[in-house]
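These protein sequence lines map, in sequence, to chains A and E. Heads up: take any position in the first sequence, counting from 1, add 24, and you land on the working numbering. Heads up: take any position in the second sequence, counting from 1, add 24, and you land on the working numbering. Single-structure report; data block below.
Number of protein chains: 2
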Amino acid sequence: MYEKKIPLPLECGLAMTREILGGKWKPNLLFAISQGINRPSQLHRAIPQSTKRVLNLQLKELEEFEVIEKKIYHQLPPKVEYRLTERGETLMPLLSQMNEWGEENRPFIKRVILNRTKVLD
Amino acid sequence: MYEKKIPLPLECGLAMTREILGGKWKPNLLFAISQGINRPSQLHRAIPQSTKRVLNLQLKELEEFEVIEKKIYHQLPPKVEYRLTERGETLMPLLSQMNEWGEENRPFIKRVILNRTKVLD
DNA sequence: CCCTCCGGGGATAATTTTATCCCCTGTATG
DNA sequence: CATACAGGGGATAAAATTATCCCCGGAGGG
């Protein structure tokens, strides 16, 4: 994993949460897993904008912080399942709120983003 | 501002929220402003790990998405005050939860982070 | 005159995060 | 044999975000 050169503020709750949920696809992954979409290939199909590779990296970090658990079935073809840990469960309310707030404000935010380039017509 | 080359999923609530709160210091800024620490120099003193420059950039983005408002008093010495907009107020519950979750899990997260390098003893 | 404070930002570097590309084991199916 | 599926990851590039450096105007106090 990439080793940070700039230490992050370990005494700040906000920074801690950011460390867990800050990854681009982490919230989506957690959300999906909580809904039972818990196998790597399923997750990739659920989030096709990303790549297996990247999703694996983010999953690994979620696992490192014990927010999800990985179960490997030593079979052929291989089978892997992720699921939320207890700690992970405690994140769900937060995720829901993030999603709700985003949905409620989406129309506006979208407009702002699109207007950043449109103005140049 | 930097113009993104990879378009973000405009139909996803989580992505929208990330767009607003994703900046490294944005949650801290919002939190501080909500507490009445609302002048640029005060904010910088409250978040000395960052720089005026960087804080200004992030404040500008928060302003762009109408989460905060900037009031400029044309005086000498100049005076500027930020405050939450209505939209910004709706973020506060989210921020509180992020902070709480982070605080509750801080000991553990901290340990994980520190152990990433310590193992090499 | 020098330093401090208030506010600001251009230019550029460094860091961090994501993406891309391609290869791997092994089974099954056309 | 080729392709698809299940799982995985090294190497490297690109993108995005943060940091650093230094300068600006103007007022005020030693």
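A virtual CB, placed ideally from N, CA and C, is assigned to each residue, including glycine.
- Taking the Cα of Asn139 (chain E) as reference, the smallest distance to any Cα among A:Phe89, A:Ala39, A:Asn80 is reached at A:Phe89.
- The continuous beta strand (DSSP E) containing Arg107 (chain E) extends over residues 103-108.
- Proximity of Pro72 (chain A) to chain E, defined by a Cβ-Cβ separation below 8 Å, is not satisfied.
- Close partners of Leu81 (chain A) in chain E (Cβ separation under 8 Å) are lacking, with about 15 Å as the shortest Cβ gap.
- Here DSSP, grouped into helix, strand and coil, assigns Glu93 (chain E) to strand.
- Cα atoms of Ser58 (chain A) and Leu108 (chain A): separation of roughly 7 Å, rounded to the nearest angstrom.
- Under the 10 Å beta carbon count, Asn80 (chain E) is surrounded by fewer than 16 other beta carbons and is classified as exposed.
- Excluding five sequence positions before and after Val104 (chain E), the CB atoms of its chain that fall closer than 8 Å to its own CB belong to Arg63, Pro64, Lys94, Lys95, Ile96, Tyr97, given in chain order.
- Shown here, Pro131 (chain E) sits in a helix according to DSSP, grouped into three states.
- Glu128, Asn129, Arg130, Phe132, Ile133, Lys134, Val136, Ile137, Leu138, Arg140: these are the residues of the stretch 128-140 of chain A whose beta carbon lies less than 9 Å from some beta carbon of chain E, given in chain order.
- Remark: C-beta atoms of Arg111 (chain A) and Asn129 (chain E) approach each other more closely than 8 Å.
- Separation of the CB atoms of Leu38 (chain E) and Gly46 (chain A) is rounded to 12 Å, and the pair is thereby denied contact status at 8 Å.
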